[in-house]
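Residue numbers (the working numbering), protein chains in the order written: chain A, 1 to 444; chain B, 445 to 928. Ideal Cβ positions, reconstructed from N, Cα and C, are used throughout, including at glycine. Each remark here refers to the structure printed beneath this line.
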Amino acid sequence: MSSSVTTTSSATGSFTPELFAAHLASVSHLPAWWLDRKREAWARFMALPLPKRTDESWRFATLTGLKLEGYALPPAVTVAELGHAPIGIAKAGKLVLANNRFVTQEAISAELVQRGVIFETLQNALLKHGDLVKSHLLAQPVKQGSEKFSALHTALLGDGAFVYLPKGVELAEPLAVFHYAAGAGAAIFPHTLIIAEQGAKATVVDFFRSADEGAHFACGRNDLYASHGAQLTYVAAQTWSRETLSFQSNATVARRDARVQSLNLHLGGRQSRHESHSQLQAPGAHSEMLALTVAHGSQEFDQRTLQIHQAPHTSSNLLYKNALLDSAKTIFSGLIVVDPDAQKTDAYQSNRNLMLSDDAEANSLPGLEIQANDVRCTHGATSSRIDAEQEFYLQARGVPKDDADELLTFGFFEEVLSKLDNAPLHDALVDLIKLKFKKPAGAS
Amino acid sequence: MSDVTETESLTAPIADIIDNPVSGIDQTAGNFSYKMDYEFDAGTGLSEKTVRYISTVKKEAPWILDFRLAALKQFYAKPMPTHWATKDLENINFDKIRYYLSSGQKPKRTWDEVPDDIKKTFERLGIPEHERKFLAGVEAQFDSEAAYSNIKDVVAKQGVIFVNSTEGLREHPEIFRKYFGKVIPTGDNKFSALNSAVFSGGSFIYVPKGVKVAMPLQAYFRINAENFGQFERTLIIADEGAEVVYMEGCTAPKFSTSTLHSAVVELVALKGAKIQYITVQNWANNVFNLVTKRGVAHEEAEIKWIDCNIGSRLTMKYPGVVLKGRKARGEVISIALANDGQHQDTGAKMIHAADETTSNIVAKSISVGQGRSTYRGVVHIPKHLKGCKNNTECDALLINPNSRTDTYPAITVRGDRNSVQHEASVSKVSEEQIFYMQQRGLTEGQAMSLSVNGFINDLARQFPMEYSVELKRLIDLEMEGSVG
């Protein structure tokens, strides 16, 4: 229990053994192997320390903000209580989860079910497709610094989304999943697992939202597996409340001739950490990693990426753009690793920071570890304000300065958003960004 | 002399030195005629006694001894930075190192004992005869008295002070003490602390206001027994409007019995001054070369580091500039060549601390065989500064399939009135280029040399001509071993 005087925050905070026991009881109907894994993960979470100043993988991050106190596993909520508003895009299916539980869905068509497509909650998948899930669930290592939080996720994961695309199936419309946190101090553990078999093609969109302005805790994970020749597009749009502490980790495995595109939109949270890991495992694999962050007030967005090329003739392309306002802070740390046998690799990485205020801070740590020599690898990072000439051009044509800045800022975003093939989805994301600019940014 | 054959590489003949650092060397001290009151030999290993011995032998003022002792404590207290640096650092055996050698104690060898490959390298690089013996460790002293005394007279007339560290602190404390240990504080890192405890040799230079030193000042002019570069301490102060260029090192492989070199170089460029510091390092392959170099540029001043790292087993060196005054400018030009068994871990640090300061970093590295080259950089622009710009470019060339390169820059920018640009690329020599040249009659080895020299050409041209010529020849030598 807490002592009367604590100078440092506890390494486990609100996540006590009692809390874990209660959670385990609530999922006791799930397979035994899964419960064992949860127990192991819990032990790891308890044993690992919080990140320290000397941890290279947490360089520049504000460690004092990583407080685990004040959270609890929240009770269930109904659709009505959520105030869930439709996103307005045509979709092949929808799944809504809130507070770690299933709430409602729009199932995929019978025809797709017949062809073998699975779009279900993770708990259902654990019960009905145990072997398939077991070989993929949380199977990828966490190497970028969030081992403790990843263990917490595994231990307290309640429910999530599971997508399985059999051989050759192509979905014309995207699948949408909504993850909500509702109620003050709600701690949620969103999870999305996507497996695309040979030649499958689909787009999956995750929306992460706070149902109210409370301080939430989100510790999520999404894993993408693209087999031979599969094409996956994954979009994650995060609009947590301004007081939320968020950890999100992604692992993408691209096999032979697979093409994976992932786009992460970061808008909410007080302090958010996102780790993304792409493994190019077989020749012809390609991974496109995109992210767009709009940082306001005193938000902090910490993004760490890893592109690992493990086979010859693979390629990856990363474009992470951040727009910083007020006294916000971003950290981008990207590493490209090329294994000794991965000849003929093409790997690119680009981090662009648009500084829109005098107090904003952008940190870039683009990195390379190259052990094969017949490769083309480049990385670049730039930080600058809006181009004065472009601004003047618009002003000279009668556009007020603020509007000109907004136009140019959205132009800055467009390079990332335009890479999406889906126009309605693109517009939906632009709307989310516009909403953020309309909100008061604290003292203004 | 026959040419070096295709299968020989520059690093092979040094194997005997790697196995036994002092093999083939005459360890008997010879005539030891250095008069001293103390009869304690500094010996190997580091302790307070060693530090006191050094200070006594140099007849230093008490404040310098205090400085050294405080630094020694810091050295003991700090851990090895292996949480980010290579674990190879753990192979340094501090107890086996000699921290101070006076002239009579320097071990030497005969010309016959110098390995053939070293002799061939001197031949290929066109090193003058009398320099060869010094570089090979056959003579403890480079007889540069004649050349040196002329230069010394010319610059002395301009008011330039050019002495070694001991003399500088003893004869001119009113000039040097002000900045000594201020650009690089003792506690900056473990190795600056080590140097601060046992430093010896190195150049202390002061250039008065408005004086532009016409010719580059060279470390060679100050060669004496102490100045083997082991724990050199250099401090260069250019007063307002002054300009000076300083050069050290050479492209030829430098013999050393000591396996640890840890120098500290501090530069101070006052308002409107310009300092250019050129280093070419080619230590033998058993040497750990861990250097701390930093300059402070005041208003409208300029500091330029031109750095070439070819030798040593492990070099860790990150020349930096603190841009303290408005419109100050800092630049780091770096070439690194890493062959088998070598790790060049170099980079640059630019700390902006005033408006309208600019910095430029161009780093090119070549990894041959199993060599590993690493770039580490820091660019820091704190808030409320405006008009600052940084441009960083690091390019790496990997010659062989198992060559390795890493890049780890860290860039922090605050505020919307500054701009920073960083780019890096890694590639191998273009096959098309090689084919083109072979079609026109060049051998693969010659084509590779031309390509690699082309890769660094822009940077090599910034070195004084003698260096850039030697550099080209050295690259040719290194490339011969790599092809086939």
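Partner residues in a beta bridge of C832 of chain B, as assigned by DSSP, do not exist.
P75 of chain A and H216 of chain A have their C-alpha atoms some 13 angstroms from each other. Checking the DSSP bridge columns, you'll see I195 of chain A partnered with A:Y164, A:Y225. DSSP links V864 of chain B through a beta bridge to A:S383, B:N834. Look at the segment 344-355 of chain A: the residues with a C-beta under 8 angstroms from a C-beta of chain B are N353, M355. Straight-line spacing of the CA atoms in G158 of chain A and I900 of chain B works out to 57 angstroms.
The beta carbons of V416 of chain A and K321 of chain A sit closer together than 8 angstroms. In this structure, the alpha-carbon of S644 of chain B lies about 22 angstroms from that of K522 of chain B. Around L432 of chain A, the same chain offers A237, T239, L265, L267 as residues with beta carbons nearer than 8 angstroms, after the five sequence neighbours per side are excluded. The count of Cβ pairs closer than 8 angstroms, one atom from the segment 858-870 of chain B and one from the segment 894-912 of chain B, stays below three, leaving the stretches out of contact. Contact between P51 of chain A and L68 of chain A is absent: CB atoms are separated by about 12 angstroms, not below the 8 angstroms threshold. Secondary-structure assignment with DSSP links M691 of chain B through a beta bridge to B:Q662, B:I722.
Taking a cut-off of 8 angstroms on C-beta distances, the segment 160-170 of chain A touches the segment 188-205 of chain A, as three or more cross pairs fall below it.
Contact check for A282 of chain A against R259 of chain A fails: the beta carbons are separated by 8 angstroms or more. The three-state reading of DSSP puts R614 of chain B in helix, counting H, G and I together.
Minimum Cα-Cα distance from M659 of chain B among the listed residues B:Q882, B:E710, B:V806, B:Q602 corresponds to B:Q602.
For D632 of chain B, not one C-beta of chain A is nearer than 8 angstroms to its own C-beta.
At least one CB of chain A lies nearer than 8 angstroms to the CB of Y852 of chain B. Classified as exposed, T488 of chain B has fewer than 16 neighbouring CB atoms from the shown chains inside 10 Å of its CB.
Residue burial annotation: Q882 of chain B is exposed, with fewer than 16 other C-beta atoms found within 10 angstroms of its C-beta.
DSSP links P366 of chain A through a beta bridge to A:G334.
Counting every other CB atom within 10 Å of its CB across the protein chains shown gives K493 of chain B a total below 16, marking it as exposed.
Per DSSP, reduced to three states, the secondary structure at H286 of chain A is strand. Q114 of chain A sits in a helix when the DSSP states are folded into three classes. Non-local beta-carbon contacts of Q788 of chain B in its own chain, meaning distances under 6 angstroms to residues more than five positions away in sequence, involve N753, T759, A780, A782, S817 in chain order. Taking the CA atoms as reference points, L156 of chain A sits about 21 angstroms from L224 of chain A. With a threshold of 16 other beta carbon atoms within 10 Å, R542 of chain B meets it and is buried.
For N373 of chain A, a Cβ of chain B is located within less than 8 angstroms of the residue's own Cβ.
Under the rule that a run must span 3 or more residues, the beta strand (DSSP E) segments found entirely inside the segment 759-837 of chain B read 764-767, 773-782, 787-796, 802-811, 816-825. Residue nearest to K833 of chain B within the set B:A637, B:G813, B:T856 is B:T856 (criterion: CA-CA distance).
Taking a beta-carbon distance threshold of 8 angstroms, E56 of chain A counts as an interface residue toward chain B. Note that the C-beta distance between T630 of chain B and A514 of chain B is below 8 angstroms.
In this chain, the beta strand (DSSP E) harbouring L175 of chain A covers 175-181. As DSSP reads the structure, R677 of chain B sits in a beta bridge with B:V708. The criterion of a C-beta distance shorter than 8 angstroms is satisfied by Q299 of chain A and R270 of chain A. Contact of R757 of chain B with chain A is not assigned, every C-beta pair being separated by 8 angstroms or more.
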